[in-house]
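Accompanying notes for the structure given below.
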Amino acid sequence: MGAWREKVELAPEQPGVYLFRDQQGRVLYVGKARHLRHRLRSYLQGGGRLPPRIQVMLSHAADVELLTTDSELEALLLECNLIKKYSPRYNIMLRDDKHYPYLRVSVQEEWPRVTIARRIRDDGARYFGPYYPAQAVWETLRLVRHLFPLRICSERTLRHASRPCLHYHIKRCPAPCCRKVSREEYQRTVEDLCLFLSGRSEEIVQRLRRRMEQAAENMEFERAARLRDQLRAVERITEEQKVISERAEDLDAIGIARRGAVAAFQVFRIRRGKLVGYHHWVMEGTEEVDREELLLAGLEQYYAVCEDLPRQVLLPWEVGEAVGVLEALLSSRAGHRVAFPVPKRGRKRQLVKMAAANAAAMLEQAWAQSSRRQWEREATALREALALPRAPVRVEAFDVSNVQGKQPVGVMVVFEKGQAQPSQYRRFRLTGASPDDVGMMRQLLTRRLKYLLPEVPAPATRAAFRRTPDLLLVDGGLPQANAAANILRDLGLEGIPVVALAKRREELYLPGNPHPVALPDDSPALKFLQRVRDEAHRFAVEYHRRLRRKRALQSLLDEVEGIGPRRRKALLSRYADWRQMAKATVEELAQVPGMNTAVARRLKETLQRLAEEGEGG
């Protein structure tokens, strides 16, 4: 029992953050709570009601560290910072958050400049972002330096410069180092830049037009020409921005798509009614997380560091009372209320749907990248754990299923580059096979592997059998591994590696070696083989269950007067089992080829009696 359990009753009834650690002191999970003691008690009393992810985390937890705060708002901020610092394994993580860049405008300096920053600091500067992908921040930086020339040099260069640099001559810097620009005009450019990055382009257009007209009236024609060119560039960008609403609203629309352990988020940034930008990010480790927790985690991690806050964040679904803490935090930072409504209809609902569609498109890319990275880890681990000559690309797994030796069946499932290939799955009826698992496995493997021999023709339905697997996985222990190796030797296919995975202790057996290969529970190789083995077992059990249902239905039909081989065959081809058949009316049963109303009525009466008795195949 972890020492953390002894700290539960000693925990303060204050807001704060808790960190679960393992025996090595590594942070497993970071959470926040309004009442620390109550929250820790919920972990003790939750039992099987806790999410599986949290149950696994608690089984590894050795200690808990408590940090109190003055408010739940402070707890939220501290939680976000600690998650980014430690990247705990059991938290839902915003992937690569530390790499998301920002644009930093150093407004606290005498002569501000715009640069790229990797994290927000409490230094008085203004931050805009984060930008994702990272290329977007460089494109934006090039654009704003063209539209709003500010100094690029460092503070040291600024103080010691004796003449303007090249950037001044190519109109990319007003040369404050040599006082070529007044402080008032330089500050106006900084204000225009901040308005532009905030999405308030209309205000910039109005300000630039007034200044251009004023310069023209003062006969400062060169300055008026520069302002004219700047105005045209801003107007062109403003026109390209998609008009979302006739109202001058500041909104963010959130869309989410999830597949397996990966969730993709998309944010549409709408300022003054126009779509001025978007951000997207990916969170991993979400397979056992409900959608409310997922959405709240994404909102907390993104908006905790986002500076450009709208008045409304449109959500795809409710997240409960917990969003109130985030709403209060962002409202205090923004200086105005930040609400989190869930639109049910109309234009705002369409915005959320559009964001979700974009998130789904991004998810496909993220899923492919995540799967590829996972497979690279698994393939490397497999090659090292099993001493394979190369990383396996095609893995074939075999399993058998029977009930006391009756109706034995076998299946083959195929994985290529870590992904299941259902179109290449195959089923086998093992009629005449030995009732023991080894005998059935021997027949199953022989019927599949013979197609690797050039002299054995493969029918069209067995074309995939011509592809040589890089690894054979059989369900069982050493006897099954030896049986597979013997068959390969008899067929002259000794070069194909074999491994058996035993269910009882999750141990791996290699042919001829009585000592199992024990891999740690978190080994990528073991997890992959377990996933493949479980898929083969599911496929085998499903096939065997279908055969049992069909056999039970055949026995039932044999008991109904008037149903012979032809009618039975027709009924079996129409209905999968007796329950499906029982839902049909007498008229529908009579329409089966060869049936008539009298026989259909007798069949219906038998099926109703069977349903009332609760029997069946």
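Quick note on numbering: this note's numbering labels position 11 of the sequence shown as 119, and the sequence is numbered without any gaps.
We put the beta carbon where it would ideally sit given N, CA and C, even for glycine.
Cross-strand partners of residue i (DSSP beta bridge)
{"i": "W389", "result": "F373"}
{"i": "G518", "result": "V508 and F536"}
{"i": "K193", "result": "K193 is not bridged to any residue."}
{"i": "T223", "result": "R212"}
{"i": "A528", "result": "F523"}
{"i": "R367", "result": "V370"}
{"i": "E650", "result": "In the DSSP output, where bridge partners are listed per residue, E650 has none listed."}
{"i": "V640", "result": "According to DSSP, V640 bridges with nothing at all."}
{"i": "F573", "result": "F573 is not bridged to any residue."}
Residue i, buried or exposed, once every other Cβ within 10 Å from all chains shown has been counted against 16
{"i": "I312", "result": "buried"}
{"i": "Y675", "result": "According to the sequence as given, residue 675 is Arg; it is not Tyr. Buried is the call here."}
{"i": "P619", "result": "buried"}
{"i": "T248", "result": "buried"}
{"i": "S167", "result": "exposed"}
{"i": "A361", "result": "buried"}
{"i": "H388", "result": "buried"}
{"i": "A111", "result": "exposed"}
{"i": "T576", "result": "exposed"}
{"i": "L274", "result": "exposed"}
{"i": "K140", "result": "buried"}
{"i": "G432", "result": "exposed"}
{"i": "D205", "result": "Here D205 scores only 45 on pLDDT, less than 50, and its place in the model is too uncertain to base an answer on."}
{"i": "A708", "result": "buried"}
{"i": "D507", "result": "buried"}
{"i": "V564", "result": "exposed"}
{"i": "R453", "result": "exposed"}
{"i": "D630", "result": "exposed"}
Contact set for residue i: own chain, Cβ-Cβ below 7 angstroms, skip 5 residues either direction
{"i": "H444", "result": "R419"}
{"i": "R319", "result": "L335"}
{"i": "E524", "result": "V501 and R502"}
Any non-hydrogen atom of the ligand ADP closer than 7 angstroms to residue i Cβ
{"i": "W475", "result": "Absence of the ligand ADP from the depicted structure is noted, as is the absence of any ligand whatsoever, leaving it without description."}
Cβ pair residue i, residue j closer than 8 angstroms
{"i": "A55", "j": "E392", "result": "It is not possible to answer for residue 55, since the shown part of the chain is limited to 109 through 725."}
{"i": "A610", "j": "S509", "result": "no"}
{"i": "Y743", "j": "I224", "result": "The shown model of the chain, from 109 to 725, leaves out residue 743, and the question about it has no answer."}
{"i": "Y386", "j": "F373", "result": "no"}
{"i": "L403", "j": "V427", "result": "yes"}
{"i": "V172", "j": "L148", "result": "yes"}
{"i": "L599", "j": "L561", "result": "yes"}
{"i": "A169", "j": "L118", "result": "no"}
{"i": "L174", "j": "L144", "result": "yes"}
{"i": "R534", "j": "M549", "result": "no"}
{"i": "L538", "j": "P516", "result": "yes"}
{"i": "C286", "j": "R259", "result": "no"}
{"i": "Y126", "j": "W219", "result": "no"}
{"i": "R710", "j": "G672", "result": "no"}
{"i": "R641", "j": "D583", "result": "yes"}
{"i": "V446", "j": "L417", "result": "yes"}
{"i": "A489", "j": "A283", "result": "no"}
{"i": "S479", "j": "Q527", "result": "yes"}
{"i": "S179", "j": "P123", "result": "yes"}
{"i": "R556", "j": "F573", "result": "yes"}
{"i": "L496", "j": "L601", "result": "no"}
{"i": "E408", "j": "L434", "result": "yes"}
{"i": "T297", "j": "F329", "result": "no"}
Endpoints, beta strand (DSSP E) assigned at residue i
{"i": "K140", "result": "V135 to A141"}
{"i": "Q420", "result": "Q420 to L422"}
{"i": "Y210", "result": "Y210 to V213"}
{"i": "V450", "result": "From DSSP, V450 is part of no beta strand (DSSP E); its letter is neither H nor E."}
{"i": "L175", "result": "D171 to T176"}
{"i": "V125", "result": "G124 to R129"}
Contacting residues, own chain, Cβ-Cβ under 8 angstroms from residue i (five flanking each side not counted)
{"i": "V252", "result": "L211, V222, L301, F304 and L305"}
{"i": "L152", "result": "R113 and V116"}
{"i": "E713", "result": "none"}
{"i": "L316", "result": "D300, L335, Q338, L339 and V342"}
{"i": "A706", "result": "G670"}
Terminal residues of the alpha helix (DSSP H) in which residue i lies
{"i": "D300", "result": "R291 to L305"}
{"i": "G454", "result": "G454 to L494"}
{"i": "L358", "result": "For the sequence presented, residue 358 should be read as Asp rather than Leu. No alpha helix (DSSP H) holds D358; DSSP gives it neither H nor E."}
{"i": "A792", "result": "With the chain covering only 109 through 725, there is no way to say anything about residue 792."}
{"i": "V433", "result": "V431 to A442"}
{"i": "E400", "result": "R399 to Y411"}
{"i": "D416", "result": "That residue, D416, is in no alpha helix (DSSP H); it is neither H nor E in DSSP."}
Sequence-distant residues of the same chain with beta carbon closer than 6 angstroms to residue i, five excluded per side
{"i": "T554", "result": "I595"}
{"i": "P593", "result": "Looking at the sequence shown, residue 593 is not Pro but Ala. Contacts found: V606 and P619."}
{"i": "Q512", "result": "With a pLDDT of 49 at Q512, under the threshold of 50, the modelled position of that residue is not reliable, and the figure given next carries that caveat. Correct list: empty, nothing qualifies."}
{"i": "D130", "result": "L136, H168 and A170"}
{"i": "G232", "result": "Q216"}
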